[in-house]
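Here's the structure, in structure tokens; my notes come after.
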Amino acid sequence: MVESVPGVPYTLEVDSLCSVEGNIRRRYELLDSVAGENTFSLTLVTFPLMGVGDFITSDSKEVPYSRSLFVPDVCINQSHPRFTNLTRNIRLRRGHKVCIQVPIYIDTYTMEKTVDPRLNIDRTPHNMDIDCSSTEVTEAKGEKFTINDSVISKEKENNSSNNNKESNISSKYPSAEEMTHFYTPATHYYYAQYFKKSQMELVKQRYDACPCPVPSVSHPCIYMDCMAFGMGCNCLQVTMQLENETQARHVYDQLGVLCPLFLAMSSSTPFQKGILCDSDVRWLTIAASVDDRKREEVPHIIKSRYDSFSVFVSLTLPNLEEFNDEEFVINDTYLEVLKSAGVDTRLAKHVAHLFIRDPLVVFDQMIDIDDTTHTEHFENIQSTNWQSVRLKPPSLDGNTGWRVEFRIMDVMPTPFENAAFSVFVPLLARAIIKYNPLFYTKMSIVDENMGYAHNRSPCRQKYVMRRDIFAKNISTDPSENSEFTVNEVFNGKDGEYYGLIPLVRRYMEEENMLSSTLEGYLCFLSMRAAGEIPTAAEYLRNFVMQHPDYRHDSRLTERIAYDLVLHVRKLASGEVKDDLFLPMNKFMPKRSRE
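When the letters of the sequence shown are read in order and numbered with UniProt numbering, they come out as residues 1 to 594.
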């Protein structure tokens, strides 16, 4: 995975916004120029066969940092010690390897050919190396680990502090310590679809127990066991600089509420580890891949350090506290430090919540520094709280101001799609500032919507949203909310919901930002929200399932993966056009004639 950013920030001038797509295309060209023979760049969330067989060119099997059964450590960026140490330290702090479980899409022969009946996970040769005992172990020192070793049974990591009582509920499948997927609110809502009413009581018992990991999912899952499966995913992020702190905090809150809808609209992750998922997005995969919580912390720290945001911070709403209904732990020491320095309580609680996390990487030469002249200690914690939105304070030198980072979106296959979303988000932010719509719902509802966004074809789900976004006085009364489709939220619903696209179009018209390119982006977003064209995830899933090599077992073969990658590359370059996916003549009628 290669991260790229523009050389200089874009502005909200029409010419600058219209240059985004061309800039993205030039990044492909730049990467291709240094990629080597028979190698090219593309924007998929994950390589289709990540973690499957010989999916890399290196022969290395060593896994001293991750202890993964599937991904050798040579896949981790070796140019800086930060990356390998992040992988190791997350595992060590947690007490054992990370556990990622993504439900499998069940096709005709999936259970017969793809699911391991012993573990209820995807069948691989490495499953024999999974030790289903719950023996507490400590880390071996000076021992060389490779993927060919029985990694989990050899790994002896200390978790002796876990003596908490767990509810005594029998399970059909083994409950290995290594395969414990910890509770998060979004995971809870997403997994709930696989439980019947009679099973929900068992789910509740497990959650009420201490500790409270997510119960073993009755639905077969894709099992992934290292940070690379998550942080190796690609995404689309947009960072915006606002005029001042008040604007930044307000935009942060409003965009945070909308994150589940943008995750659904950008969904591009129908497969992971060579298998079709019963989900279309990457988010919870990454959340689990860096979940460093200790088992005894889970009942109190209910989210991974990569998760949806947890607390509203705006100063514009007098009764904001009632919307912060979800439990969030704070570091009391830092809360008092911040308040005594004049930071208001809302912002102080936000920062104190970030500081419940331990640093994952600390460099020796940066330990003893003056915090009045350096921000490295703050950034160490801030930059490893990977939330759906991030509030970024100004730099000490004053060269950058208050910023909001919108981190939720899947990356999409084509420059056109990525440009459309990249342009729409800052325009929406400006419309929020100008017209002051209030999207607030209770934080628990945002978490619930995040869970729904993980269902397959999430644009067909309904999401709980505030009905009147221009009401002068708002509260958490349920009567002020309704369920809306993605189409209704983006395109609006007469008399019931204003719509994000009409809001942005109104802003563009009043600011005289007329452009066939920008109008084409709005048309594309409108059609995708309405279901007139598929999401990238739906399109890619259909490509796999219609491939002549597909055997209705939920697996991607090497031929399927090869053809899919080649097809995506040709779509991105414009060599291939598919009007069922991107009918460009409908988006850009003027540009197509130019």
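Glycine residues also receive a C-beta, built at the ideal position from the N, C-alpha and C atoms.
| Asked | Found |
| --- | --- |
| Ignoring anything shorter than 4 residues, give me the alpha helix (DSSP H) runs that lie fully in the region 462-538, in order along the chain. | 486-491, 500-510, 516-530 |
| Could you name the residues that DSSP lists as bridge partners for Met412? | In DSSP, Met412 forms no bridge with anything. |
| Would you kindly work out how many angstroms separate the C-alpha atoms of Glu157 and Ser266, rounded to a whole number? | Residue confidence is low: Glu157 scores 32 on pLDDT, short of 50, so the model does not pin down where it sits. Its coordinate-derived value is still stated next. The straight-line gap from Cα to Cα measures roughly 38 Å. |
| Roughly how many angstroms separate the alpha carbons of Ile381 and Asn324, rounded to a whole number? | 22 Å |
| Expressed to the nearest angstrom, what Euclidean distance is found between the alpha-carbon atoms of Ser444 and Phe328? | 11 Å |
| Who are the Cβ neighbours of Glu379 in its own chain at under 6 Å, not counting the five residues just before and after it? | none |
| Starting from Arg390 and walking both ways along the beta strand (DSSP E), at which residues does that stretch end? | 389-392 |
| By the three-class DSSP mapping on this structure, what secondary structure does Glu187 have? | It is Thr, not Glu, that sits at residue 187 in the sequence shown. It is helical. |
| DSSP three-state call for Cys18: helix, strand or coil? | helix |
| On the DSSP bridge assignment, give the partners of Lys386 in chain order. | Correcting the residue identity first, residue 386 is Trp in this sequence and not Lys. Note: Trp386 sits in a beta bridge opposite Tyr306. |
| Quick check on DSSP: helix, strand or coil for Glu62? | strand |
| Near Ile301, which residues of its chain fall below 7 Å by C-beta distance, leaving aside the five closest residues on each side in sequence? | Arg293, Val329, Ile356 |
| Return helix, strand or coil for Met227, following the three-state DSSP convention. | helix |
| Using the Cα positions of Asp371 and His377, report the straight-line distance between them to the nearest angstrom. | 7 Å |
| Could you pull the start and end residues of the alpha helix (DSSP H) that Thr84 belongs to? | 81-94 |
| Could you spell out where the beta strand (DSSP E) holding Pro103 opens and where it closes? | 100-103 |
| Alpha carbon to alpha carbon, how far is Thr187 from Lys462? | 17 Å |
| Given that a residue counts as buried once 16 or more other Cβ atoms are within 10 Å of its Cβ, and exposed if not, what is Met128? | exposed |
| Measure the C-alpha to C-alpha separation of Phe312 and Phe439 and round it to an integer number of angstroms. | 12 Å |
| Measure the alpha-carbon distance for Arg67 versus Lys349 and round it to whole angstroms. | 36 Å |
| Should Lys399 be labelled buried (16 or more other beta-carbon atoms within 10 Å of its own) or exposed? | Sequence inspection shows Asn at residue 399; the Lys mentioned does not correspond to that position. Exposed. |
| Of all the options Tyr334, Arg249, Met227, which has the alpha carbon lying nearest to the alpha carbon of Ser289? | Met227 |
| For Thr557, which option in Ala530, Val544, Ala431 has the closest C-alpha, if you only look at C-alpha atoms? | Val544 |
| Between Leu236 and Met409, how many whole angstroms is the CB-CB distance? I'm expecting something under 8 Å. | 4 Å |
| Do Leu49 and Ala536 come within 8 Å of each other at the CB atom, strictly closer than that value? | no |
| Judging by CA-CA distance, which residue of Asp280, Val298, Glu29, Asp579 is the nearest neighbour of Gly95? | Val298 |
| Hey, quick one: how far does the beta strand (DSSP E) through Leu360 stretch, first residue to last? | Premise fails: Leu360 is in no beta strand (DSSP E) and is neither H nor E. |
| Below 8 Å, how does it come out for the region 244-253 and the region 13-30: are there three or more Cβ pairs, yes or no? | no |
| Quick check on Ser161: does DSSP put it in helix, strand or coil? | Bear in mind that the predicted position of Ser161 carries a pLDDT of just 33, short of 50, making it too unreliable to give a figure here. |
| With which residues is Trp376 paired in a DSSP beta bridge? | In the sequence on display, residue 376 carries Glu and not Trp. None, per the DSSP bridge assignment. |
| Exposed or buried, which one is Thr485 when buried takes at least 16 other CB atoms within 10 Å? | buried |
| Between Tyr183 and Gly451, how many whole angstroms is the CB-CB distance? I'm expecting something under 8 Å. | In fact, because the Cβ distance is near 12 Å, the residues do not count as touching under 8 Å. |
| For the alpha helix (DSSP H) containing Met111, name the first residue and the last one. | 110-113 |
| Work out the CA separation of Gln272 and Met231 for me, nearest whole Å. | 13 Å |
| Near Phe406, what residues of its chain come up, given a Cβ to Cβ distance below 7 Å and the 5 sequence neighbours on each side ignored? | Gln237, Val238, Leu255, Val389, Val425 |
| Measure the CB-CB distance between Asp54 and Val63 and report whether it falls below 8 Å. | no |
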